[in-house]
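A.B. asks: Residue numbers (this note's numbering), protein chains in the order written: chain A, -15 to 130; chain B, -15 to 130; chain C, -15 to 130; chain D, -15 to 130.
We put the CB at the ideal spot given by N, CA and C, even for glycine.
4 protein chains.
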Amino acid sequence: MRPILTEAELSRFLAETFPQVRDDFSVERLTPDGIVLRLKVGERHLRPGGTVSGPTLFGLADVAFYFALMSRIGLEALAVTTNVAMDFLRKPMPDADLLGEARILKIGRHLAAGDVLIRSEGQEEVVARAGLTFSIPPQKPAVAVG
Amino acid sequence: MRPILTEAELSRFLAETFPQVRDDFSVERLTPDGIVLRLKVGERHLRPGGTVSGPTLFGLADVAFYFALMSRIGLEALAVTTNVAMDFLRKPMPDADLLGEARILKIGRHLAAGDVLIRSEGQEEVVARAGLTFSIPPQKPAVAVG
Amino acid sequence: MRPILTEAELSRFLAETFPQVRDDFSVERLTPDGIVLRLKVGERHLRPGGTVSGPTLFGLADVAFYFALMSRIGLEALAVTTNVAMDFLRKPMPDADLLGEARILKIGRHLAAGDVLIRSEGQEEVVARAGLTFSIPPQKPAVAVG
Amino acid sequence: MRPILTEAELSRFLAETFPQVRDDFSVERLTPDGIVLRLKVGERHLRPGGTVSGPTLFGLADVAFYFALMSRIGLEALAVTTNVAMDFLRKPMPDADLLGEARILKIGRHLAAGDVLIRSEGQEEVVARAGLTFSIPPQKPAVAVG
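1) Nearest to Val111 (chain A) by CA position, among A:Ile120, A:Ala(-8), A:Ala97, A:Val36, is which residue?
2) Cutting at 8 Å between CB atoms, please list the residues of its own chain near Leu82 (chain A), excluding the five before and the five after it.
3) Scan the stretch 15 to 69 of chain C and note each continuous beta strand (DSSP E) run of 3 residues or more that stays entirely inside, going in chain order.
4) Applying the 10 Å Cβ sphere with the 16-neighbour rule, what's the burial state of Asp153 (chain D)?
5) Should Leu89 (chain A) and Ile120 (chain A) be called a contact, given that it needs their Cβ atoms to be closer than 8 Å?
6) Quick one, which of A:Arg(-4), A:Thr1, A:Arg31 has its alpha-carbon nearest Pro78 (chain A)'s?
7) Comparing alpha-carbon positions, which option in B:Ala80, B:Arg113, B:Phe72, B:Glu(-7) lies nearest Phe51 (chain B)?
8) Figure out for me which residue from A:Asp17, A:Phe9, A:Ser10, A:Glu0 has the closest Cα to the Cα of Glu108 (chain D).
9) Quick check on DSSP: helix, strand or coil for Thr1 (chain D)?
10) Have a look at the DSSP bridge pairing and note the partners of Lys85 (chain A).
11) Which chain D residues sit within Cβ distance under 8 Å of Val110 (chain A)?
12) Considering Cα atoms alone, identify which of C:Ala86, C:Asp71, C:Arg28 is closest to Val11 (chain C).
13) Where do the N-terminal and C-terminal ends of the beta strand (DSSP E) with Thr117 (chain B) fall, by residue?
14) Spell out the partners DSSP gives Ile91 (chain B) in its beta bridges.
15) Taking all protein chains shown into account, decide if Gly130 (chain A) is buried (16 or more other Cβ within 10 angstroms of its Cβ) or exposed.
16) Using only CA atoms, which one of A:Arg28, A:Phe9, A:Ser55 lies nearest to Glu(-9) (chain A)?
17) When the distance is taken between beta carbons, is Leu73 (chain C) closer than 8 Å to Arg113 (chain C)?
18) Assign Val64 (chain A) to buried or exposed, taking buried as 16 or more other Cβ atoms, counted over all protein chains shown, within 10 Å of its Cβ.
19) Under 8 Å by Cβ, that's how I've got Phe49 (chain A) and Phe118 (chain A) pegged, so tell me the actual separation to the nearest angstrom.
20) Could you compute how far the alpha carbon of Gly39 (chain C) sits from the alpha carbon of Arg(-14) (chain C)?
21) At a Cβ threshold of 8 Å, is Arg74 (chain B) touching chain C?
22) Which chain D residues are close to Asp99 (chain A), counting only those with a beta carbon under 8 Å from its beta carbon?
23) Exposed or buried, Ile19 (chain A), counting other C-beta atoms within 10 Å across all chains shown (16 or more means buried)?
24) Could you work out which residue in B:Ala61, B:Arg28, B:Gly115 is closest to Gly84 (chain B) when comparing CA atoms only?
25) Rounded to whole angstroms, what's the CA-CA distance from Val100 (chain D) to Asp71 (chain C)? Just pull it up for me.
26) Nearest by alpha-carbon distance to Leu62 (chain B): which of B:Arg93, B:Gly33, B:Ala80, B:Gly34 is it?
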């Protein structure tokens, strides 16, 4: 399960394909079994009290695992979230970005599975943990031309 | 576990306390074991392809169960999401609101648990299903005055 | 998703195919969206203190959803548990059988999903709740003979 | 979260307090953030086809996290499983013991959370993954004597 894409290729894919979230996320680094994705925390991610909202943490876990998967199976592949089990353990630090560390545990023919740990940057303690399963639908066959 | 608040009281609480989401959600109705919450689907909930995004579905499940709980234990209570296990089963209908039907299965001293079914309005098929656990921290004692 | 098997056919399948658990479980009844399975609680299911053990509750949820699925897709089909998210809400009653009510929410080409509520017989309160996903591998083609 | 018990103390606790499972499990080693527990796979753990059963894998995850927790908070403490989200990724190897590696992510006042990876001994690939939450009920106060 070594990456077949570079960090630069993933960053370009993020910027071009997901314009609506490219201001939220950036590819921090590839790891031996996945990826670290940064959430650039801003006002729009907070709920009253100054905490990062649950949906934002969910989105970080979901996108981190998606990019970990893309880095191994390629950008042409399809992958759809089918299951997320998430534990919310501690409040994130105020005024700190969040790092989501995605680890791939299996890439099968139809399913991929793994988990994500979310921490405030510079902290050891885990803010949230997610186990995720993605479905990998078969590719539509290319249309034969000519 | 009968409700101690009316739909009107819950709606007012939603509008006053959560200004950032009051344009997203409305209280549809109280049910014998929970609540139905409406997500007024708009452009900002969609991702490329026109599907409602995963974080938006997560948010609907989370807020629906939160309001179901508030309707039973009162608006002064605290309640914090600790665990959400969510299955994404089908794409929502385009151009339809989503209804989240929250069912409370237990309200204990420290924990409450239940589940949420999400459907596109007017459809029988379930778009997503979530099991949720909330922590109910003890109330801060009121400050004695005078 | 109407059943294609009778309760008698499912009971015979249980007795013939799973001799190691046929003394534990019996088919209680088919329901419009699933099945109710009975766990005949005995000494071997208890842990110290007289409570039914966690693995036994897990097994009840798993087998109940498996039989719900078989009743809809037929006994020749393959189905393998891929994900179970389970909440343990209350202690079961001592000296009472447990009923697992399985509800199918989706049967797709590769995946089926649903949930199970477990109650002590005669009680309204829910002992445990599980959300489950099963993988449905493609059938091996029948061997052509002759 | 350093252990306050030795491996020998945990093994003695296992043998004395859980006679019904002491032939199934043994304490393999303490780790910086948890424990590794061995399941001594035998005939009684298998289902038709020779695979270790789902309830047995669930039990390994549950007991591994329980012992990880006990090793940090002490044998007098109470701890009850409240939530397990488990992914079944691959068939275990036949004729090999299973090792459950439990990692504690949080020990709070009322809740503890973490995860468990299960592998066949000697294999790198993960057979199953579980995220778990345990409730830690307050201790009953000691009875004052005299």
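C.D. replies: Answer, in terms of the structure:
1) Nearest Cα to Val111 (chain A) within the set A:Ile120, A:Ala(-8), A:Ala97, A:Val36: A:Val36.
2) Counting only residues of its own chain and dropping the five nearest sequence neighbours on each side, Leu82 (chain A) has a CB closer than 8 Å to the CB of Arg22, Leu23, Val25, Val36, Leu41, Leu44, Pro76, Ile102, Arg103, Ser104, Glu105, Val111.
3) Fully enclosed beta strand (DSSP E) runs of 3 or longer: 18 to 23.
4) Nothing in the structure corresponds to residue 153 (chain D), since chain D is present only between -15 and 130.
5) Taking the C-beta atoms as reference points, Ile120 (chain A) is found no nearer than 8 Å to Leu89 (chain A).
6) Checking every option, the nearest Cα to that of Pro78 (chain A) belongs to A:Arg31.
7) Closest in alpha carbon position to Phe51 (chain B), among B:Ala80, B:Arg113, B:Phe72, B:Glu(-7), is B:Glu(-7).
8) Per the Cα distances, A:Asp17.
9) Residue state for Thr1 (chain D) is assigned as helix, using DSSP reduced to three classes.
10) According to the sequence provided, residue 85 (chain A) is Glu. The question's Lys does not apply to it. When beta bridges are read from the DSSP output, Glu85 (chain A) appears opposite A:Val20, A:Leu101.
11) Correct list: Leu89, Lys90.
12) Distance check between Val11 (chain C) and each of C:Ala86, C:Asp71, C:Arg28 places C:Ala86 closest, using alpha-carbon atoms only.
13) Thr117 (chain B) -> beta strand (DSSP E) spans 112 to 119.
14) Answer is B:Ala96.
15) Confidence in Gly130 (chain A) is poor, its pLDDT being 43 and thus under 50, which makes the residue's placement too unreliable to answer from.
16) The shortest C-alpha separation from Glu(-9) (chain A) is found at A:Ser55.
17) Note that the C-beta distance between Arg113 (chain C) and Leu73 (chain C) is below 8 Å.
18) So Val64 (chain A) ends up on the exposed side.
19) So it is a contact: roughly 7 Å between Cβ atoms.
20) At residue 39 (chain C) the sequence reads Pro, which differs from the Gly that was named. When the Cα atoms are used, Pro39 (chain C) and Arg(-14) (chain C) turn out to be separated by approximately 30 Å.
21) When Cβ-Cβ separations below 8 Å define contact, Arg74 (chain B) makes contact with chain C.
22) Correct list: Asp99, Arg113, Gly115.
23) Classification for Ile19 (chain A): buried.
24) Selected option, being the one with the closest Cα: B:Gly115.
25) Going by the C-alpha atoms only, they are around 17 Å apart.
26) Comparing C-alpha distances from Leu62 (chain B) to each of B:Arg93, B:Gly33, B:Ala80, B:Gly34 shows the shortest one belongs to B:Arg93.
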